[in-house]
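>
Number of protein chains: 2
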Amino acid sequence: MSSQPEHPTLLIPGPIEFDDAVLQSMSHYSESHVGPGFVSTFGDTLAMLRKLFQTTDPASQPFVLSGSGTLGWDLVAANLIEQGESVLVLTTGYFGDSFADCFKVYGADVTQLKAPVGSRPQLPEIEKALKEKKYKAITVTHVDTSTGVLSEIEQLSALVQKVSPETLLIVDGVCSVAGENIEFDNWKIDGVVSASQKAIGVPAGLSISMFSGRAMKVLEERKTPVAAYFASMNNWRPIMKNYEAKKPSYFATPSPQLIHALETSLKQILAAPVSERFAKHAEVSDRIKKAVADLGLKQVASKPEDQAHTMTAIYLPESVKATDILPALAKKNVVFAGGIHKEIAPKYIRFGHMGVSVLDPKRGDVDRAIKALQDGLAECGYQKA
Amino acid sequence: MSSQPEHPTLLIPGPIEFDDAVLQSMSHYSESHVGPGFVSTFGDTLAMLRKLFQTTDPASQPFVLSGSGTLGWDLVAANLIEQGESVLVLTTGYFGDSFADCFKVYGADVTQLKAPVGSRPQLPEIEKALKEKKYKAITVTHVDTSTGVLSEIEQLSALVQKVSPETLLIVDGVCSVAGENIEFDNWKIDGVVSASQKAIGVPAGLSISMFSGRAMKVLEERKTPVAAYFASMNNWRPIMKNYEAKKPSYFATPSPQLIHALETSLKQILAAPVSERFAKHAEVSDRIKKAVADLGLKQVASKPEDQAHTMTAIYLPESVKATDILPALAKKNVVFAGGIHKEIAPKYIRFGHMGVSVLDPKRGDVDRAIKALQDGLAECGYQKA
């Protein structure tokens, strides 16, 4: 039995439904941010993040800061790129465009490889781009929350290693970390930026990231000062190292309650091999995608290999408006999200499937959502052709 | 009866002890950040902040962002100051120095007026400085958490209005908002930056600020782009306006749980006139300061008019080390903080007295802390001379 009151089931691509124990950790009594109890909690949490990201290289550096996921872009753009340096941004939706905007604010020379809506830049064109120009970094949105398009990190990394191994590989993992497999060391990733409120399963308010030893070296060897203060890795790196070594230190006050919730969630995540977690997300995602196809509906991500396992972006039938189906679903206590990709926004809806809604079949969240979608579409007058 | 488990009473200058209902709000079930329920909660919260800051000018703009209090400095430095513009930073401790560092990161031409430890820059020297050079902004730490020194905002404002009325008056209110009187409109303040975990009484994780219509005009009339992305007011201002108008919109995901906790705390704060809240903080502070004097101890803030009402920084007797008295207090379940001002760090301790510990006499927090301090010092071999 859940300790949460009855409420509509939140199945948007984040925030997701949270586990009871995680929510209870949010109410933890107040502690000093530099007291031994909390320092130990934060240190353990940082160590667990290494396991989630599958990195054993001691040079890898986790960062957990108070902020939205968006703050992770500032971490990358203000710390790893200097004024005028070139960045190649692979764009599969809204979030690639916004990451590019963030780089421009900090003076980067940005080249975007934009795929048509619903697909992703292909390896041959990426190879061509990497050969034409020297890039300090290449970025990729692992799952673009606006389209549900999944990018292949392993193959991309192999290409970067082959063509331009000195280029930093940066992954926007906001809608993928803890839902899609990420092998930080094996895939030679230099940075993954993420947030708490998606597959990591913790209320919003934490920017969570992992950077490689090579990225830290780039930071150390900057010719110009870091271009931010709160988002400066130089300010936070010693603090993160101290917390992990269980030593108190201070730059800005972290949120003990959010860190407790993150500790609780990471303990749950790491209680089983992470591969099982990713397999379960894939299995449930396949079931959802089959139900969508059975309804005669198409996904925004057109090819099966481009489809995320943490969410599904579904084109509506021409006869059904998002402003009709979303309220119809809400009446059935299921909350989906509307579209946010500006080229197609009114034409599709988004179904997030991460964390407890996927992993705990007793909740019945996914089956209830599929049924609600079937019934809701019928109520809106839709019949499969 | 509290619903919180037994735990040491946290009497550091933030985070503070939190009210049960506020902590329970942290466990709120998950909601969409753009759904009608949460949009209404956030909108009401922003409207209540106007009352806390005593501003009725509709041009005033509140911002509530996920982040530490430190993020407020980036908001000021990256949005209101352009490369090479001059800022006068009044420094009464560690936090004035750090605010100056933040300005430098964003390219400001910084002049610091530093007072000797335990005092504050005096009006005549501030007047001289303002007459010598044209400053875009002057900043003041209302209560410097490292020293417990209180600055007089009203008198400072009158001086700025007289000598250099076009200079923006920016207040670092991290350790003062909701504990010390701040009359945003009457005192012609252009910006107050604060955080959730001090007198506002909400777990850490929110940067909370208020800016004047004049500050917003400075933002609009910038000649160069804003120098940050996550900390860009241009990205957040329309979002804050939309939430307050109860319209959904998105730049980066806010934390529904922290916003619920803030709503709960602001409702409690505004249930009585804020003047009563400030008077109660002053009354309890006076009692603590008398107990400190009765023990034969001196405060870091030497003159009574320079002493904050939200915290007390206490010089230890020469015979007592911080590393002895702090653990002795901890054994009595009272948590004070050590010193952080680099010139005097080992010589003093800090006692925070804000929020429920001050306002709810049934808790007995303050009396227990005073008794623990008396007994702890005696155990450390101290006797009043």
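Protein chains in written order, with the UniProt record's numbering: chain A, 1 to 385; chain E, 1 to 385.
We treat Cβ as the ideally placed atom computed from N, Cα and C, and that holds for glycine.
As the structure is a prediction and not an experimental result, all values here were calculated from the model.
1) Closer than 7 Å by beta-carbon distance: list the chain E residues that pair up with Gln4 of chain A, in chain order.
2) Taking the alpha-carbon positions, what's the Ile138 of chain A to Asn79 of chain E distance?
3) To which residues of the same chain is Phe42 of chain A closer than 6 Å at the C-beta, ignoring the five residues directly before and after it?
4) Can you check whether the CB of Ala372 of chain A is closer than 8 Å to the CB of Leu329 of chain A?
5) Could you tell me how far apart the beta carbons of Tyr106 of chain E and Val105 of chain A are, in whole angstroms, since I believe they sit closer than 8 Å?
6) Taking buried to mean at least 16 other C-beta atoms within 10 Å of its own C-beta, is Asn235 of chain A buried or exposed?
7) Quick check on Lys384 of chain E: does DSSP put it in helix, strand or coil?
8) May I have the straight-line CA-CA distance separating Phe95 of chain E from Gln112 of chain E, to the nearest angstrom?
9) Please identify the residue among E:Arg120, E:Gly93, E:Gly173 and E:Asp185 whose C-alpha is closest to the C-alpha of Ser60 of chain E.
10) Which residues in the same chain have their Cβ closer than 6 Å to the Cβ of Lys51 of chain E, if we skip the five residues on either side of it in sequence?
11) I'd like the span of the alpha helix (DSSP H) that includes Arg350 of chain A, first residue to last.
12) Three-state secondary structure (DSSP) at Glu166 of chain A?
13) Is there a C-beta anywhere in chain E that falls below 8 Å from the one on Met26 of chain A?
14) By how many angstroms is the C-alpha of Lys223 of chain E removed from the C-alpha of Glu166 of chain E?
15) Can you list the residues of chain E that Leu23 of chain A reaches, using a CB-CB cut of under 9 Å?
16) Taking 8 Å as the CB-CB cut-off, is Trp236 of chain A touching chain E?
17) Could you tell me if Pro203 of chain E is buried or exposed, where buried requires 16 or more neighbouring beta carbons within 10 angstroms of its beta carbon?
18) Could you say if the segment 24 to 35 of chain A and the segment 275 to 282 of chain A meet the contact criterion of at least three C-beta pairs nearer than 8 Å?
19) What is the rounded straight-line gap between the Cα of Leu266 of chain E and the Cα of Gly355 of chain E?
20) Kindly indicate which residue of E:His341, E:Gln374, E:Lys362 and E:Ala252 has the alpha-carbon position closest to the one of residue 387 of chain E.
21) Determine whether the beta carbon atoms of Asp20 of chain A and Ser3 of chain A lie at a separation below 8 Å.
22) Reducing DSSP to helix, strand and coil, say where Met26 of chain A ends up.
23) Apply the 10 Å Cβ neighbour rule to Leu123 of chain E and answer buried if 16 or more other Cβ atoms are within range, or exposed otherwise.
24) Could you tell me which of A:Val117, A:Arg363, A:Pro361 and A:Phe351 sits nearest to Pro15 of chain A, measuring between CA atoms?
25) Can at least three beta-carbon pairs, one atom from the segment 210 to 227 of chain E and one from the segment 205 to 220 of chain A, be found at a separation below 8 Å?
26) Taking C-beta to C-beta, are Asp190 of chain A and Ile170 of chain A nearer than 8 Å?
27) Using a beta-carbon distance below 8 Å, is Ala137 of chain E in contact with chain A?
28) Determine whether the Cβ of Ile16 of chain E lies closer than 8 Å to any Cβ atom of chain A.
29) Would you call the segment 67 to 76 of chain A in contact with the segment 192 to 206 of chain A, where contact means no fewer than 3 C-beta pairs closer than 8 Å?
30) Assuming contact is defined by CB atoms lying nearer than 8 Å, are Ser207 of chain A and Leu71 of chain A in contact in what I supplied?
31) With Glu127 of chain A and Leu159 of chain A assumed to form a contact (beta carbons below 8 Å), what rounded beta-carbon distance in angstroms separates them?
32) Return the CA-CA distance between Thr310 of chain E and Lys289 of chain E, expressed in angstroms with no decimal places.
33) For Thr323 of chain A, tell me which candidate among A:Leu156, A:Lys332, A:Pro346 and A:Asp294 has the shortest Cα-Cα distance.
34) Is there at least one Cβ from chain A nearer than 8 Å to Gly118 of chain E's Cβ?
35) Smallest Cα separation from Thr45 of chain A: which of A:Val300, A:Ser285, A:Leu359 and A:Pro256?
36) Can you name the residues that DSSP bridges to Ile16 of chain E?
With the structure as the only source:
1) Contact note: Gln4 of chain A reaches chain E through Tyr29, using a C-beta cutoff of 7 Å and chain order.
2) 28 Å
3) Tyr243 and Ile259
4) yes
5) Contact flag wrong, Cβ pair sits at about 12 Å.
6) buried
7) coil
8) Phe95 of chain E and Gln112 of chain E have their C-alpha atoms spaced approximately 12 Å apart.
9) Ranking E:Arg120, E:Gly93, E:Gly173 and E:Asp185 by Cα distance to Ser60 of chain E puts E:Asp185 first.
10) Leu270
11) No alpha helix (DSSP H) holds Arg350 of chain A; the beta strand (DSSP E) holding it covers Tyr348 to Gly352.
12) coil
13) yes
14) 17 Å
15) Met26, Ser27, His28, Tyr29, Ser30 and Gln257
16) no
17) Residue burial is scored here from C-beta neighbours: Pro203 of chain E has at least 16 other C-beta atoms within 10 angstroms and is therefore classed as buried.
18) no
19) 12 Å
20) With chain E running from 1 to 385 in the structure shown, residue 387 of chain E is simply not present.
21) It is a contact, given that the beta carbons lie within the stated cut-off.
22) coil
23) exposed
24) A:Phe351
25) no
26) yes
27) no
28) Taking 8 Å as the threshold, the shortest C-beta distance from Ile16 of chain E to chain A falls below it.
29) Contact annotation: the segment 67 to 76 of chain A touches the segment 192 to 206 of chain A, with at least three C-beta pairs closer than 8 Å.
30) Contact flag set, yes.
31) 6 Å
32) 11 Å
33) A:Pro346
34) no
35) A:Pro256
36) E:Leu11
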